[in-house]
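For the sequence shown, the numbering used here gives the first residue as 1424, with consecutive numbering after it.
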Amino acid sequence: MKIDKSLMSGSTTLLILSLLSREEMYGYQMITELYRRSDKTFELKEGTLYPILHTLEAERYVTVHEKEAETGRVRKYYRITRKGLKALEEKKQEWTVFTEKVNAVVCSPV
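Shown next as structure tokens:
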């Protein structure tokens, strides 16, 4: 089932911070992991990801450092900060309340 992109747009920060809470990653790795972990449901484009990462960096939720890969290519790796972990916890709480309230409306008997 294809998910409406407008539903995903409100949760991308939560998804990205969740990925980074497990390990530091580079951009393409985040895209592929999100796709894989969501059973091919979330297909994020680079043009969507990088502006979000730049915002997270400006808010000091993530830090960036360059590292050379085995192939010799230099990649930018993103790492969540303590401030980012705190924001992630807040976003998880928001998500829990939001989904509970949506389900209360959508799933309630008439």
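Ideal placement from N, C-alpha and C gives every residue a C-beta, glycine not left out.
Model, not experiment: these values are computed from the prediction.
For a quick check, are the C-beta atoms of residue i and residue j less than 8 Å apart?
i: Glu-1504; j: Tyr-1484; result: It is worth fixing the name first, because residue 1504 is Thr in this sequence and not Glu. Closer than 8 Å, so yes.
i: Ile-1475; j: Thr-1435; result: yes
Figure out for me which residue from the options has the closest Cα to the Cα of residue i.
i: Lys-1468; options: Pro-1532, Ser-1461, Thr-1455; result: Thr-1455
i: Tyr-1501; options: Ser-1434, Gly-1433, Glu-1447, Leu-1437; result: Glu-1447
i: Leu-1479; options: Leu-1437, Ala-1527, Lys-1524; result: Leu-1437
i: Ser-1441; options: Pro-1532, Ala-1510, Ser-1531; result: Ala-1510
Taking the alpha-carbon positions, what's the residue i to residue j distance?
i: Val-1487; j: Leu-1443; result: 12 Å
i: Lys-1506; j: Val-1533; result: 43 Å
i: Thr-1494; j: Tyr-1449; result: 14 Å
i: Trp-1518; j: His-1477; result: 22 Å
i: Lys-1524; j: Arg-1496; result: 46 Å
Run through the DSSP bridge pairs and tell me what residue i is partnered with.
i: Val-1497; result: Glu-1491
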